[in-house]
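Residue numbers (my numbering): 760 to 1352. All remarks here apply to the structure that follows.
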RNA sequence: GGUCUCGUAGCUCAGUUGGAUAGAGCAACAGCCUUCUAAGCUGUGGGUCGAAGGUUCGAAUCCUUCCGGGAUCACCA
């Protein structure tokens, strides 16, 4: 690799000149800023103490030595303490030659090691998916793809929260006011119907609450005594007792929801290797807690409830079993984690969950460590920031929730009108056009969300999300389509691609090759940081670089067959990278747009 | 109140282990289509990197304090 060659060359030169190793920290390279001549820059400030000369002097002396001893160094210049090295075109062409035909340049061959388990989505079954889930789903899917491209076997799992009080609320509302509505007889998505029931419950409950507060009861009292709440609680107890009627209704309504979710997932382009249901896992974890009690790691209070004391770790005490022996969320998460650890023996257990649950995961890991689970450290909370709207946070009660299906509808509709406005769909068959609108709409959405660092809270402005110019998904898709169009034409013109390449690179050709060159590093960084944003930003830079090249340099019109040939291959290489890399974000690249 | 986190151009965001004069896109303005797709390219304006100290050859980046926003601290999930 380039940096190894340069690094070794630097060290040799340094030792020769100053008789000592260039101390501790490795030589740091950076891309040379565009205003200076060169490709890679070495900062020599860290070495002035050893060399006992001025930075300029050191840089100059080393530059001269490297020019002699490192054959890929063609020129150098020194600006203050910065040694700018110009790498010979032959190095870049050699790189190009070895890689331009690869279908998945930069991807690391899959290893047969322990898998990485990625849990994401994890919806509740009482309402449809919304914008928050969209970020979660896109992140989970993309991070999985990025890890795969880094050679890790990946298992994608989804833990569906299909039981609990919230589902009972929807069920109760359906019993009371549902009028036997079904998705079939109303031609409505099942998750939407169940969501409507949930909203109805909330509305009716509010009504009851306000009537009761009018009677002078406090809010807490009211919530506990509201007849609807009591009924919902009773239903939950019946569910837990296995009451056939309740279980049956529960199965039916969850079935509706799953059908709806499947549709949404499919359109979003995300999938899972395995789906878990909390109704099957919620009792897990009790044994684990019991074991902790016996070994004395956990404490039992007078009322019989079990706790984990985390005050020494700067946290509070955490309840693990109620006095009546029933479990809480943490208990089942402990159990589920152990279950997965045994099932997959994973190298990592990644949970894609919002940062509002940071505390929960801190506790989870600490408790597992106390219980001597050596795999506790393989648990990783991929904590992502909330999605906010221009009017603030999404609140279901205020109706400001952005529904996932509607969002996709809007993106696709915008793609359609935009494409028609530009007159780009005139020669397309209906099916092809529809596919294109889907690709563009979803591409815009995915890119818009994934380009932001997962850790950060992000602003979702609907108007900006449907912008298809500039730093957007469609910009990248457009660039891809342009290249495909070029390649298509070159075939029509009967261009013969050969291995004869130019030996001198134009600035824009070189810039494009350099951008392609760094992809493997970007992919590794994106894997380490679990960050699709790095991939998105890379794609944007690559597309921009290509467009500049395309604007400035003739390709098909180039008369010299060797130059034309080289440029076409460069286009083809770029196209492959755009395609395989955007797939890491779940984006599809149209052939024409 | 404790803990965590964020604060970069009017807006949305980059800025990977500290490196050169802090970058994009949008918005605004000015150019480029008889020539490979103008969803493109080029240019102009726009910044006290929340504030103040500190560490050092060098700080948006590391440390401290403060200001401002957010999250969390349930016998909810």
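Quick reminder that beta carbons are idealized off the backbone N, C-alpha and C, glycines included.
CB contact flag (residue i, residue j, <8 Å)
i, j, result
"residue 1340", "residue 1298", "yes"
"residue 1155", "residue 1117", "no"
"residue 1074", "residue 1136", "no"
"residue 897", "residue 1281", "no"
"residue 1170", "residue 1203", "yes"
"residue 893", "residue 1166", "yes"
"residue 1196", "residue 1344", "no"
"residue 840", "residue 815", "yes"
"residue 800", "residue 843", "yes"
"residue 958", "residue 1012", "no"
"residue 1065", "residue 1056", "no"
"residue 745", "residue 1089", "Outside the modelled stretch of the chain, which goes from 760 to 1352, sits residue 745, for which no answer is possible."
"residue 810", "residue 850", "no"
"residue 928", "residue 991", "yes"
"residue 1029", "residue 1219", "no"
"residue 902", "residue 1160", "no"
"residue 803", "residue 787", "no"
"residue 1337", "residue 1295", "no"
"residue 1123", "residue 1096", "yes"
"residue 1329", "residue 1249", "no"
"residue 876", "residue 1132", "no"
Local conformation of residue i per DSSP, three classes
i, result
"residue 1262", "coil"
"residue 1026", "helix"
"residue 769", "helix"
"residue 1217", "strand"
"residue 795", "coil"
"residue 801", "strand"
"residue 790", "strand"
"residue 1112", "strand"
"residue 1338", "helix"
"residue 1107", "strand"
"residue 1290", "coil"
"residue 1211", "coil"
"residue 1303", "helix"
"residue 1319", "coil"
"residue 761", "helix"
"residue 1044", "coil"
"residue 1254", "coil"
"residue 1231", "coil"
"residue 1284", "helix"
"residue 779", "coil"
"residue 1226", "coil"
"residue 1267", "helix"
Anticipated Cβ contact below 8 Å, residue i with residue j, distance rounded
i, j, result
"residue 1236", "residue 1348", "6 Å"
"residue 1079", "residue 1087", "7 Å"
"residue 1352", "residue 1199", "7 Å"
"residue 1215", "residue 1144", "5 Å"
"residue 1009", "residue 930", "6 Å"
"residue 1040", "residue 1091", "6 Å"
"residue 1356", "residue 1263", "With the chain covering 760 to 1352 only, the question about residue 1356 has no answer from this structure."
"residue 1173", "residue 1211", "Not a contact, Cβ separation roughly 20 Å."
"residue 1315", "residue 1252", "7 Å"
"residue 987", "residue 1020", "Residue 987 to residue 1020, Cβ: 26 Å. No contact."
"residue 1072", "residue 1125", "6 Å"
"residue 985", "residue 994", "With a Cβ gap of about 14 Å, residue 985 and residue 994 do not count as contacting."
"residue 989", "residue 997", "Residue 989 to residue 997, Cβ: 13 Å. No contact."
Residue i Cβ short of 7 Å to the ligand SAM heavy atom set
i, result
"residue 955", "As presented, the structure is devoid of all ligands, the ligand SAM included, so that no description of it is given."
Could you pull out every unbroken beta strand (DSSP E) segment of at least 3 residues lying fully inside the region 1046-1098, listed in chain order? Within the region 1046-1098, the complete beta strand (DSSP E) runs of at least 3 residues are 1065-1068, 1076-1080.
Inside the region 1127-1208 only - alpha helix (DSSP H) runs reaching at least 4 residues: Listed in chain order, they are 1163-1180.
Decide if the region 848-867 is in contact with the region 884-897; the criterion is three or more beta carbon pairs, one per stretch, under 8 Å apart. No, because fewer than three Cβ pairs between the region 848-867 and the region 884-897 fall closer than 8 Å, the two stretches do not touch.
Enumerated in chain order, which unbroken segments of the alpha helix (DSSP H) with a length of 4 residues or greater are wholly contained in the region 858-924? Complete alpha helix (DSSP H) runs here, min 4: 890-908.
Check whether the region 1241-1260 and the region 1322-1341 are in contact - that is, three or more C-beta pairs closer than 8 Å. Contact between the region 1241-1260 and the region 1322-1341 is present: 3 or more CB-CB pairs across the two stretches fall below 8 Å.
Touching by the beta-carbon criterion (3+ pairs, under 8 Å), the region 1015-1035 and the region 913-922: In short, these stretches touch, since the Cβ pair count reaches three.
The region 1099-1117 contacting the region 894-912, beta-carbon criterion three pairs below 8 Å: The answer is yes - the region 894-912 touches the region 1099-1117, with three or more Cβ pairs under 8 Å.
Where in the region 816-865 do unbroken runs of the beta strand (DSSP E), each at least 3 residues long, occur, reported from the N-terminal end onward? 832-838, 841-846, all fully within the region 816-865.
Are the region 1224-1236 and the region 1266-1277 touching, with three or more C-beta to C-beta distances below 8 Å? Two segments are said to touch when three or more pairs of C-beta atoms, one from each, lie closer than 8 Å; by this definition the region 1224-1236 does not touch the region 1266-1277.
Alpha helix (DSSP H) runs contained entirely in the region 929-954, provided each spans 4 or more residues: Residue ranges of uninterrupted alpha helix (DSSP H) with 4 or more members, entirely inside the region 929-954 and ordered along the chain, are 942-945.
Please specify which runs of the alpha helix (DSSP H), each continuous and at least 4 residues long, are wholly inside the region 955-1041, giving them in chain order. Entirely contained in the region 955-1041, the alpha helix (DSSP H) runs reaching 4 residues are, in chain order, 978-984, 986-1000, 1003-1027, 1037-1040.
Just checking, does the region 900-907 make contact with the region 931-943 on the three C-beta pairs under 8 Å criterion? Between the region 900-907 and the region 931-943, the count of C-beta pairs closer than 8 Å stays below three; the two stretches do not touch.
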